[in-house]
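The structure under discussion appears below in the form of structure tokens.
Protein chains: 2
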Amino acid sequence: MVIQLRDTLVELIRDEQLKPGEQIPTEHDLAARFSVSRATVREALKLLEQDGLVDVVHGRGRFVSANVGLSVNRPVTRFESVTEMLAGLGYITTNRTLSVERAAPTDEEAEALGVDAQGEIVRLRRLRLHEDSALVVSVSAFSTALLGTDEPADLDFTGSLAQWLAGRGHDLQSSAAQIQALPMPSELAALPEVDGKQAWLVISERCVDAAGRSVLFSREYHRGDVFTFHVLRRRGT
Amino acid sequence: MVIQLRDTLVELIRDEQLKPGEQIPTEHDLAARFSVSRATVREALKLLEQDGLVDVVHGRGRFVSANVGLSVNRPVTRFESVTEMLAGLGYITTNRTLSVERAAPTDEEAEALGVDAQGEIVRLRRLRLHEDSALVVSVSAFSTALLGTDEPADLDFTGSLAQWLAGRGHDLQSSAAQIQALPMPSELAALPEVDGKQAWLVISERCVDAAGRSVLFSREYHRGDVFTFHVLRRRGT
DNA sequence: ATGCGACAGATGTCTGACATCCGCCAACCT
DNA sequence: AGGTTGGCGGATGTCAGACATCTGTCGCAT
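Protein sequence lines correspond, in order, to chains A and B.
Just so you know, we're using this note's numbering here: the first sequence kicks off at 1 and counts up by one.
Just so you know, we're using this note's numbering here: the second sequence kicks off at 1001 and counts up by one.
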């Protein structure tokens, strides 16, 4: 109910054309208007404050803040698989697996997955192709323990890796990501489908499942002339 | 007090080594422990829920969620000027102004600033140099109204543009930003300090002041081999 | 004119109560 | 014996009312 009220209040602010600086109704009024208690109203308003949509001044009231009016479509802060992202952008792509193999982890992979640097991980390299050109190049690493009795070569990763992991009990929930602009490593740039002259927008992320375990480290190269990421930025916090 | 309690609870979760899935003390216990009312505890906990740090199950309790353990240093979601960012990363840079001039806005600039496409804006192009090499190339646009009686050429922008705007009553608060990986436009790549072969990490953002006005549209090119942005990503919301 | 206090109205916090949901377990029925 | 039901404890969700604290305003006394 608090959540519902919060969303209602957001609508109210957006729809009533309340401009930054304007005062919003008091807790008492809102409680009366929506037939809920003041405590409930306060919890909803607190959420809006944390979102930076309203500012509060003790003794005076609440005022819509500067951030209203700023919004973006698919913020990078929303965790989603490459498959989901491409579908959301309307791209029809085909997946091609370049390689699936057991290999020694890079330092980065070892640290992210919490495995020994002398150990072994599964590394999966894939292309997302659109009209015979690679839009995204993915290099993913995960623990060999997830294979169970299967060998890497037996598996079919042309679908969503996130889905495959979910089937093994690891629902990806969130990640800590790095964003860089890099050229394509020469080994991958050598492929005919991969444009080696592009700037590539690279997301390297450590993904954790619902239980908080680091399950996947992946680096996704997004073609620079195709992809744009969006994000809202705020002072403080 | 709610905010203070929220931060205390975050510490409590982090320091007590509570792992994802573990239950946190009940509202009643927390209220007793910190000598506050249950209402106050609830407001603080609601904030943690919105942050995705705890999950709540009606009738059972609250449990620390998967996102605990994920954190990054200087998230892109934190709005800061290039000057602040470079200082935070420990770079000592010198500013060089390439040009300040009245000019016709690009479509993008006109839309972001809410000015007529046939109108005029001030465009400022600057370099942040480190050891005679450009780390960041900025192209900023703002309304000519901000000049007052001054002419562009009279102004000194070697300091922080954000500070200059603040002095004119426009404290930059937040922005909606795009992130791309692009080559440097040829005109700027021609400069000896600018590496034209680099991939550049580009942030184009519309910045709004405390009153919610779109004050500044800027595009910052960050050298790809130097800069890495960080961000937390979460499912939902 | 200036300063001070009363006052209204807003948010911040507290208290106690009841509603609802969940997990558990004992009593019950078949 | 086994499955169902109902009660109970404990957790969150919501409510009503009260008081505390802060802000701006207005009127009155100096």
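For every residue, glycine included, the Cβ atom is placed at its ideal position computed from N, Cα and C.
Task: Beta carbon proximity, A:W164 to chain B, threshold 9 Å - done: no
Task: Minimum Cβ-Cβ distance from B:V1002 to chain A less than 9 Å - done: yes
- [ ] Go through its chain and collect everything with a Cβ distance to A:V41's Cβ below 8 Å, but skip five positions before and after it.
- [x] L5, E27, L30, A31, F34
- [ ] Could you run through the segment 1075-1096 of chain B and flag, in chain order, every residue whose CB is less than 9 Å away from some CB of chain A?
- [x] Answer in chain order: P1075, V1076, T1077, R1078, F1079, E1080.
Task: Closer than 9 Å to chain A by CB, B:P1183 - done: yes
Task: Delimiting residues of the alpha helix (DSSP H) encompassing A:D277 - done: Any property of residue 277 of chain A remains undetermined from this structure, which presents chain A solely from 1 to 237.
- [ ] Return the chain-ordered list of same chain residues with a C-beta closer than 7 Å to the C-beta of A:Y221, the five sequence neighbours on each side being excluded.
- [x] V136, V137, M184, W200, V202
Open item on the list: I need the straight-line Cα distance from A:V56 to B:T1158, nearest angstrom please.
Closed with: 36 Å
Open item on the list: My output table needs one value for B:S1081: the three-state DSSP class, helix, strand or coil.
Closed with: coil
TODO: Return the chain-ordered ranges of every beta strand (DSSP E) run that is complete within the segment 139-227 of chain A and spans a minimum of 3 residues.
DONE: 172-182, 200-209, 214-223
Task: Beta-carbon proximity check, A:S140 vs B:L1070, cutoff 9 Å - done: No; because the gap between Cβ atoms is not below 9 Å, this pair is not in contact.
Open item on the list: Against chain B, with Cβ distances strictly below 9 Å, would A:G59 count as a contact?
Closed with: Output row for A:G59: interface = no.
Task: Three-way DSSP call (helix, strand, coil) for A:Q23 in this model - done: In the three-state DSSP reduction, A:Q23 falls in the strand class (E or B).
Task: B:S1204 classed as buried or exposed, judged by whether at least 16 other C-beta atoms fall within 10 angstroms - done: buried
Open item on the list: I need the DSSP call for A:L70, collapsed to helix, strand or coil.
Closed with: In this structure, A:L70 counts as coil in the three-state DSSP scheme.
Task: Whole-angstrom distance between B:D1156 and B:T1094, CA atom to CA atom - done: Their backbone Cα atoms lie some 14 Å apart in a straight line.
TODO: Taking B:T1228 as the query, report the chain A residues whose CB atoms sit under 8 Å from its CB, ordered along the chain.
DONE: Q178, I179, Q180
TODO: Assign B:P1105 to one of two classes, buried (16 or more other C-beta atoms within 10 Å of its C-beta) or exposed (fewer than that).
DONE: buried
Task: Simplified DSSP state of B:L1018, which is helix, strand or coil - done: Coil.
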